[in-house]
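Q:
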Amino acid sequence: MGHIEATATPDRDFLSQWAAQVPGPLIDLGCGPGHWTAFLQSLDPRRPVRGIDPVPEFIAHARHAYPGIDYSQGDLSSLGTPPAAGVVTWYSLIHLDPSLLASAFSTLLTR
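Listed below in C-alpha cells is the structure:
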C-alpha cells in the first residue's frame, strides 16, 4: 500500500510548504494507508497530526506501518474537536457526490 517514496516530489514539496504555514494541529481526512499523515508528522514531530479514513483496512495498515500516529476510522463528520489548524483532503473530496461538496467545504471551514 501507499509509500511516500512513490509520491511525486512536487506534491511533497507542496504539502511541506503548506504545513510550514499552518500554526497548529493537522488532520489528514481520507488518509488512506497513512503515508501522507506520516509525512506530515515527520515535518514536525511535536505537532499533533491525525489521520481519518472510512476504510477499516486502511486504518489497520496505517496503525501498523506508522505506529505512534493518531489514526481513526471515520469521515468528514468525525472531525470533532478540538478544531484543526489545517485539513488535508488529498484525493478524498473527489469521491464525494458533487451535490455534497458545498456542505463538505462548509464543514471544513469551521475547523
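So the number in the working numbering is just where the residue sits in the sequence shown, counting from 1, plus 27.
We treat Cβ as the ideally placed atom computed from N, Cα and C, and that holds for glycine.
1) Should residue 89 be listed as close to the ligand GTP, given that the test is whether its C-beta is under 7 Å from any heavy atom?
2) Which residues mark the beginning and the end of the alpha helix (DSSP H) in which residue 24 is found?
3) With residue 86 and residue 100 assumed to form a contact (beta carbons below 8 Å), what rounded beta-carbon distance in angstroms separates them?
4) Find the nearest neighbour of residue 75 within the set 123, 36, 44, 53, judged by alpha-carbon distance.
5) For residue 48, which three-state DSSP category applies?
6) Take residue 70 and list the residues in its own chain whose beta-carbon comes closer than 7 Å to its own, dropping the five residues that flank it on each side.
7) Where does residue 77 fall in DSSP's three states?
A: In this structure, then:
1) Looking for the ligand GTP in the displayed structure turns up nothing, as the structure carries no ligands at all.
2) In the structure as shown, the chain starts at 28 and stops at 138, and residue 24 therefore has no counterpart that could be examined.
3) 5 Å
4) 53
5) coil
6) 43, 46
7) strand
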